[in-house]
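Student:
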Amino acid sequence: MKPLKRPVRRGLLVAHVAVSVSWLGLTVGLLALGITAFATGDPTTVGGATRAMKIFGDWLVVPVALLALVSGLVLALGTPWGLARHRWVWTKFWLTLITTGLSVFSLRPGIDAAAAGKAVDINLVIAPSVATATYLFITAISILKPWGLTRRGRRLRFSASSAKSVDARSPRQTA
Numbered sequence: 004m005k006p007l008k009r010p011v012r013r014g015l016l017v018a019h020v021a022v023s024v025s026w027l028g029l030t031v032g033l034l035a036l037g038i039t040a041f042a043t044g045d046p047t048t049v050g051g052a053t054r055a056m057k058i059f060g061d062w063l064v065v066p067v068a069l070l071a072l073v074s075g076l077v078l079a080l081g082t083p084w085g086l087a088r089h090r091w092v093w094t095k096f097w098l099t100l101i102t103t104g105l106s107v108f109s110l111r112p113g114i115d116a117a118a119a120g121k122a123v124d125i126n127l128v129i130a131p132s133v134a135t136a137t138y139l140f141i142t143a144i145s146i147l148k149p150w151g152l153t154r155r156g157r158r159l160r161f162s163a164s165s166a167k168s169v170d171a172r173s174p175r176q177t178a
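Mapping of the sequence shown onto this note's numbering: position 75 corresponds to residue 78, and the numbering continues sequentially without gaps.
Structure (structure tokens):
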């Protein structure tokens, strides 16, 4: 993929951060509603909390998760960070892919079952808790950028530096 132009890259970065923070906020909201539904004994409160969770799950979880995944993927492929050059980017990609899949195939069906009047179980608290912790971890590694290069990143950096050193030593002019 061609490198993104600076204005496009910056706009996409703002969109990615906004969508990612929205995903984190949405998950915290689901966690609050899940705790409310699980902890209360009032059937009216349980019904309201699970219906609100269903609205979030039906209308927001999947689009926000997919936007975070796609915007992060485009940023990774269109910038020097690359998708598989740095361990933190690679880790973010896989965690985002996994949590998107879990949101679609685990979280939403659990919310749907609870909203349909079935018993509210601890999974309505555990799933958003794990998701929130994961998104906080992803946010932390986005800021700290730990762990260095992947094997592929080291190979690419080595081949680029060795090509430069050969060109620098060459008596002939290179293109």
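All C-beta atoms, glycine included, are put in the ideal place defined by N, C-alpha and C.
In this text the structure is predicted, and so the values were computed from the model without any measurement.
Using the beta-carbon count (16 or more within 10 Å), is Phe59 buried or exposed?
Tutor: It is buried - the Cβ of Phe59 has at least 16 other Cβ atoms within 10 Å.
Student: Got a sec? Which residues, its chain only, sit under 8 Å from Ser106 by beta carbon, not counting five neighbours each side?
Tutor: Result list for Ser106: Val64, Val65, Ala68, Ala134, in chain order.
Student: Per DSSP, which residues does Leu152 bridge with? Please list them.
Tutor: Note: Leu152 sits in a beta bridge opposite His89.
Student: Helix, strand or coil: which one does DSSP assign to Ala122?
Tutor: Ala122: coil per DSSP, three-state reduction.
Student: Counting pairs of Cβ atoms below 8 Å between the segment 24-40 and the segment 127-142, do you hit three or more?
Tutor: Cβ pair count under 8 Å is three or more, so yes.
Student: Sorted by chain position, which residues of the same chain lie with C-beta nearer than 7 Å to Pro77's C-beta, five sequence neighbours on each side aside?
Tutor: The displayed chain sequence assigns Val, not Pro, to residue 77. The residues are Leu15.
Student: What residue range is occupied by the uninterrupted alpha helix (DSSP H) comprising Ser25?
Tutor: Run containing Ser25: 9-42, per the alpha helix (DSSP H) assignment.
Student: Under a three-way DSSP split, which group does Asp115 fall into?
Tutor: Reduced to three states, the DSSP call for Asp115 is helix.
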